[in-house]
Each structure stands twice: as C-alpha cells, then as structure tokens.
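Peer 1: With this note's numbering applied, the sequence shown corresponds to residues 758 to 1200, in that order. Just passing along the structure, written as structure tokens.
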Amino acid sequence: MNDYDRQTSGSQPRPPANGSRPSPVRVVELDLGKPGELRSPGGSVPTGDFEKHVLALVRRHGQPLGLVTATGAEGDEAALSHMLVEAALQQLQVSTVAPTEKAAAPLHRAAGAKVPADRAPVSVIVCTRDRTEMLPACLDSVLRIAYPHLEVILVDNAPSSDDTERLVRSRYSDRIRYVREPAPGLSRARNRGLMVAGGAICAFTDDDALTDPGWVTALVDAFADDTVACVTGMVLPAELDTEAQLTAEAYASGVRGFTPQSWSLRQPLSDPLAQFSPGRFGCGANMAFRTDVLRAMGGFDPATGTGTPSRGGEDLLAFHQVLTAGHTVTYQPDAIVWHRHRRSMNELARQVEGFGIGYTAYLTAAVRHQPRLLVSLLRHLPNGLWRWYRANQRRTRQAGPLLDPGNDDSIRILRRLERRGLRYGPYRYLQSVWQQRHTRPGR
758 MNDYDRQTSG SQPRPPANGS RPSPVRVVEL DLGKPGELRS PGGSVPTGDF
808 EKHVLALVRR HGQPLGLVTA TGAEGDEAAL SHMLVEAALQ QLQVSTVAPT
858 EKAAAPLHRA AGAKVPADRA PVSVIVCTRD RTEMLPACLD SVLRIAYPHL
908 EVILVDNAPS SDDTERLVRS RYSDRIRYVR EPAPGLSRAR NRGLMVAGGA
958 ICAFTDDDAL TDPGWVTALV DAFADDTVAC VTGMVLPAEL DTEAQLTAEA
1008 YASGVRGFTP QSWSLRQPLS DPLAQFSPGR FGCGANMAFR TDVLRAMGGF
1058 DPATGTGTPS RGGEDLLAFH QVLTAGHTVT YQPDAIVWHR HRRSMNELAR
1108 QVEGFGIGYT AYLTAAVRHQ PRLLVSLLRH LPNGLWRWYR ANQRRTRQAG
1158 PLLDPGNDDS IRILRRLERR GLRYGPYRYL QSVWQQRHTR PGR
C-alpha cells in the first residue's frame, strides 16, 4: 500500500464479510488436443489436488477457445479432465478436433514450441516495489517464455530495502536486467524501463501477474499490421481462493472476449465514446507498444499511475494517446497473463476506489495534454457516465454462478467506492502534477 492509499483507507467503507463464505475455485488450463494434461496458470507444474469448484481456460492446440466452469468435481485429475472436456463440448459447443487450417496457426504459441528466429526483439518490463515474496513466481513465468530475442527488465521502484536487488542478482544472475528507479510512481518506473529497453517492442506486465508461455509471441503477431502501435491481451485470474478474489473477478474481470478487436481514429469509430473509455481496450497488466512510438509520446505521464495521488490511469492515457496520434490499438485474446487478485476485502476496496480516481484522472490528463478534446469530452460525458453505470451494473450479472461471491452488499459497496473515486480524480491528478514538478527524476 502506498502513501496515497493510506490517506483514504481509514475512512472508506469495507465490504462486509458474508456469513456463508463462497467456496474456493481452482483455476486450470485444459487443451483439448491433450485432454489428460491439466496445467496451472502461467504454464507451471501440473495442478495436483483440486477443489470442488473449477474454472478452466479451454484451448485447442494452444489456441484459447473460452472458459468453462464445473461444480461437484470428485476423484483424481483424470476424472476432472474428463468432466472439463464434457463441459467444454456443452458450454462452448466445440469439438475436440480442430479444422486443419485453424489448428495450424497458433501451434507456435504453445508451451515449449519453437518460434521463428526472425521475430522482432522484445523487452519485457516488470515494475515492482517491496514485493519480494510475490516476485519470483512472476519472473519464473516470464523466463518460461520461448522467444528468440527476449530481454527481461525488472525495475525496482523506490524500494525500502535491497531485498529485491539481492533476489534478482542471486537467483536470476544475468537472465534479468535489474534497474532501480528511486522516484516513486508506476509511470516513472515504466519510463525507466522504457529508457533502457533495447527491444523494438516493449511489453509490460505486473509483479502480481503470471505470463503465459506464448504471451510474447501472441503480442508480436498482432504487430504484423504496421498501423498497430499498441497491443493488449486477456487477463485471467491466477487464483480464486478467497472471497475478495472471487468478488474481484465478478466485479472487474479482465476477460474482454476471445475474438481479436482493433480501434483506430483514421475512420469514424462505431462508438464515439470509445476514445474516452479506453478501459475496454485492455489494462496495464498486459500491454505492449512499439518502442519508438511510446518514446515519441514521451512515455507514461508520471503524474498518473499507482504511487501517485492519481492512483491509476497511466495505461488508459497511453492507449488514448496512441489512438489520437493516428495509430491502431489491438486486443489480442491469445496474449494471456494470469493475475493474482487482492486477497483481502480491505485491499480490494482500496483498489476499486483507485479505479474511479484513476479514470477521471486520466480524463483530466487527456485534456491537459490535448485541450481541444474538452469540447468533445463535455458533449459525450453525460451519456458516457450513464453507460458506465449501466455496464457496471451488467458486468457482475454476466460473471456466472460459479464466480458469484454470494454477497450483493460487497458489490454494491464496491460500486459506491468506484463512483466516489470518480469525484476525486481531477483534483488528485492536478495534485500529482504539482508534486511531479518538485520531484527530481531518477538518475
């Protein structure tokens, strides 16, 4: 928790604990091409024991097809695998054998598959701050990525100790480049990584995420279109062990569908509000940019993001700036990371309030950088807020019974927290701008 979380956490309401807590949900991967091999998120060791409730990402020859749920699982892993195959056939209405022309394309993204050596060099940038216990799982998953030209950069942001540096140098040696950014703020940390990156593409993920073995390859594939300057991907839950994690996934899932999508201002958008609601494009835990384009934009606005009064919005602003610069943003569902949601309700409450603050901080930043947007923003703002409210109401109803935390009070309070955060975003952003002017950049 940063200093700005502490400023509001004492006064904000807490989602109440439900009398009958929901059961944990085991998260697994199942490939219909190898139905007997269940995997844990991030391509790690097989799952072993499992809980009564299961959420599975279903693939076919490496290509993600959809999510299925199963309840009442009993027996060993083989029995669970059989049950999930049956669930996939019913819930996704797919067969276990893909047509040849569809099966061949994603094979190179599967774990252990070879990738052509002529791919563009990529720099994966992970930013962290005082999370040494959580970090190894993230870094191990990144190092499992099979890609011929991969640079991994860890940015240690304003650390309170040398624990992270010692971990990286002792455990990862020359496989990971360690960089320290002394000034606090996620945007400053990402900009430090961007400054030293040698790849033509910079891919960003968070220290509480696990990357899929085919993550980088899927991102790079989307850059085959020269107009694309930013690619985002799907964010799935890595674990659903606690009430807070189940509530988080029901409230704000990172699943934006299993079909690629693209957005550009070179042609009129079907939805004129799209450029002001870039959260639909993706999020900062799973995004990549052409390095030269991101540098030309000046990187991430240091007055936005975690570790500043703005509490977030740096990813939204970057997506917005890519669009308004005339480039294309693409969502690539094959590019998957698995996120470890907040484990406690108090942590989740702080995070969700930050969503609201970060969103209106982003809008304020967008107008500050491009004042001409103000007229369009004011014209669309009332309808946009109404649609945001309706979407906020709908998204939990679409989560499905397995991910329903069974606590409507929790969801209502989270909505209220996010709405409350919306009011503070503009002031917090301007406060952050003032602070950044008095902060020396890291050397």
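All C-beta atoms in this analysis are idealised placements derived from N, C-alpha and C, irrespective of residue type, glycine included. A quick note: this is a predicted structure, and the numbers were derived from the prediction, not measured.
Are there 16 or more other CB atoms within 10 angstroms of the CB of His1084, so buried, or fewer, so exposed?
Peer 2: As a position in the sequence shown, residue 1084 is number 327, starting the count at 1. Buried, by the Cβ-count rule.
Peer 1: According to DSSP, what are the bridge partners of Phe961?
Peer 2: For the purposes of this step, residue 961 is identified with residue 204 of the sequence shown, where counting begins at 1. BP columns for Phe961 point to Ile882, Met1044.
Peer 1: With distances taken Cα to Cα, identify the nearest neighbour of Gln1108 among Phe961, Gly1014, Arg1173.
Peer 2: Along the sequence shown, read from residue 1 onward, the residue named residue 1108 stands at position 351. Closest by alpha carbon: Arg1173.
Peer 1: On the three-pair Cβ rule with 8 angstroms, is the segment 973-983 touching the segment 1058-1074?
Peer 2: Cβ pair count under 8 angstroms is below three, so no.
Peer 1: Output the residue ranges of the beta strand (DSSP E) runs that lie fully inside the segment 929-954 and measure 3 residues or longer, sorted by chain position.
Peer 2: Within the segment 929-954, the complete beta strand (DSSP E) runs of at least 3 residues are 934-938.
Peer 1: According to DSSP, simplified to helix, strand and coil, what is Thr984?
Peer 2: For this step, residue 984 is matched to residue 227 along the sequence shown. Three-state result, Thr984: coil.
Peer 1: Of all the alpha helix (DSSP H) runs that stay within the bounds of the segment 991-1069, which reach a length of 4 or more residues?
Peer 2: Whole alpha helix (DSSP H) segments, 4+ residues: 1000-1008, 1048-1053.
Peer 1: Taking the alpha-carbon positions, what's the Asp983 to Thr989 distance?
Peer 2: For the purposes of this step, residue 983 is taken as residue 226 along the sequence shown, with counting starting at 1. For the purposes of this step, residue 989 is taken as residue 232 along the sequence shown, with counting starting at 1. Their Cα atoms are separated by approximately 16 angstroms.
Peer 1: Reducing DSSP to helix, strand and coil, say where Pro1183 ends up.
Peer 2: As a working note, residue 1183 is residue 426 in the sequence shown. Residue state, collapsed to three classes: helix.
Peer 1: On the criterion of 16 or more Cβ atoms from any shown chain inside 10 Å, does Gln847 qualify as buried, or is it exposed?
Peer 2: For the purposes of this step, residue 847 is identified with residue 90 of the sequence shown, where counting begins at 1. Result: exposed.
Peer 1: Spatial neighbours of Leu1187 within its chain, please: CB distance less than 8 angstroms, with the 5 preceding and 5 following residues excluded, ordered by chain position.
Peer 2: The sequence position of residue 1187 within the sequence shown is 430, counting from 1. Thr1121.
Peer 1: I'd like the span of the alpha helix (DSSP H) that includes His1126, first residue to last.
Peer 2: Along the sequence shown, read from residue 1 onward, the residue named residue 1126 stands at position 369. Counting along the chain, the alpha helix (DSSP H) containing His1126 begins and ends at 1102-1126.
Peer 1: Throw me the rounded Cβ distance for the Ser1067 and Arg1185 pair, which I believe falls under 8 angstroms.
Peer 2: In the sequence shown, counting from the first residue as 1, residue 1067 sits at position 310. In the sequence shown, counting from the first residue as 1, residue 1185 sits at position 428. Contact flag correct, Cβ pair sits at about 5 angstroms.
Peer 1: Please name the residue in Leu911, Gly942, Met1044 whose C-alpha comes closest to that of Asp931.
Peer 2: Position 174 of the sequence shown, counted from the first residue, corresponds to residue 931. Cα-wise, what sits closest to Asp931 is Leu911.
Peer 1: Should the segment 1034-1048 be called in touch with the segment 1165-1184, which here means at least 3 C-beta pairs below 8 angstroms?
Peer 2: No: fewer than three Cβ pairs fall under 8 angstroms.
Peer 1: Could you compute how far the alpha carbon of Trp1191 sits from the alpha carbon of Asp998?
Peer 2: In the sequence shown, counting from the first residue as 1, residue 1191 sits at position 434. In the sequence shown, counting from the first residue as 1, residue 998 sits at position 241. About 41 angstroms.
Peer 1: If you drop the 5 nearest sequence neighbours on each side, which residues of the same chain put their C-beta closer than 6 angstroms to that of Glu786?
Peer 2: In the sequence shown, residue 786 corresponds to position 29, counting from 1. So the list reads Arg796, Leu814, once near-sequence residues are dropped.
Peer 1: Could you pull out every residue in the same chain whose Cβ sits closer than 6 angstroms to the Cβ of Ser898, ignoring the five residues on either side in sequence?
Peer 2: Along the sequence shown, one-based indexing puts residue 898 at 141. Within the same chain, Ser898 has close Cβ partners Gly799, Leu967, Thr968.
Peer 1: Give the DSSP-derived three-state secondary structure of Glu786 in the structure shown.
Peer 2: Position 29 of the sequence shown, counted from the start, is the residue given in the question as residue 786. In the structure shown, Glu786 sits in a strand (DSSP, three-state: E or B).
Peer 1: What residue range does the beta strand (DSSP E) around Arg923 cover?
Peer 2: If you number the sequence shown from 1, residue 923 lands on position 166. Element bounds for Arg923: not the beta strand (DSSP E) but the alpha helix (DSSP H), 920-924.
Peer 1: Starting from the Cα of Asp1091, find the closest Cα among Trp1143, Glu794, Pro821 and give me that residue.
Peer 2: The residue labelled residue 1091 in the question sits at position 334 within the sequence shown. Ranking the options by Cα distance to Asp1091, first place goes to Pro821.
Peer 1: In chain order, what residues of the same chain lie with their CB nearer than 7 angstroms to the CB of Val1124, ignoring the 5 residues before and after it?
Peer 2: The sequence position of residue 1124 within the sequence shown is 367, counting from 1. Closer than 7 angstroms at Cβ, skipping near neighbours: Leu1130, Leu1131, Leu1134.
Peer 1: Expressed to the nearest angstrom, what Euclidean distance is found between the alpha-carbon atoms of Cys987 and Arg1052?
Peer 2: Translated into the one-based positions of the sequence shown, residue 987 becomes position 230. Translated into the one-based positions of the sequence shown, residue 1052 becomes position 295. The straight-line gap from Cα to Cα measures roughly 13 angstroms.
Peer 1: Within the continuous alpha helix (DSSP H) that includes Thr828, where are the two ends?
Peer 2: Sequence index remark: in the sequence shown, residue 828 carries index 71 (1-based). Where Thr828 is concerned, there is no enclosing alpha helix (DSSP H), although the beta strand (DSSP E) it sits in stretches over 820-828.
Peer 1: Based on the DSSP secondary-structure assignment, which residues constitute the bridge partners of Gln1089?
Peer 2: Within the sequence shown, residue 1089 is the residue found at index 332, counting from 1. The partner list for Gln1089 (beta bridge, DSSP) reads Gly990.
Peer 1: In terms of alpha-carbon separation, which member of Gln1193, Ala1118, His1195, His1126 lies closest to Glu1175?
Peer 2: Counting from one through the sequence shown, the residue named residue 1175 turns up at place 418. Residue Ala1118 is the option with its Cα nearest to Glu1175.
Peer 1: On the DSSP letters alone, give me the boundaries of the alpha helix (DSSP H) that Ala835 sits inside.
Peer 2: Working through the sequence shown from its first residue, we reach residue 835 at position 78. Per DSSP, Ala835 belongs to the alpha helix (DSSP H) from 834-848.
Peer 1: Could you work out which residue in Arg1100, Leu1138, Ser1021 is closest to Val1086 when comparing CA atoms only?
Peer 2: For the purposes of this step, residue 1086 is taken as the residue at position 329 of the sequence shown. Selected option, being the one with the closest Cα: Ser1021.
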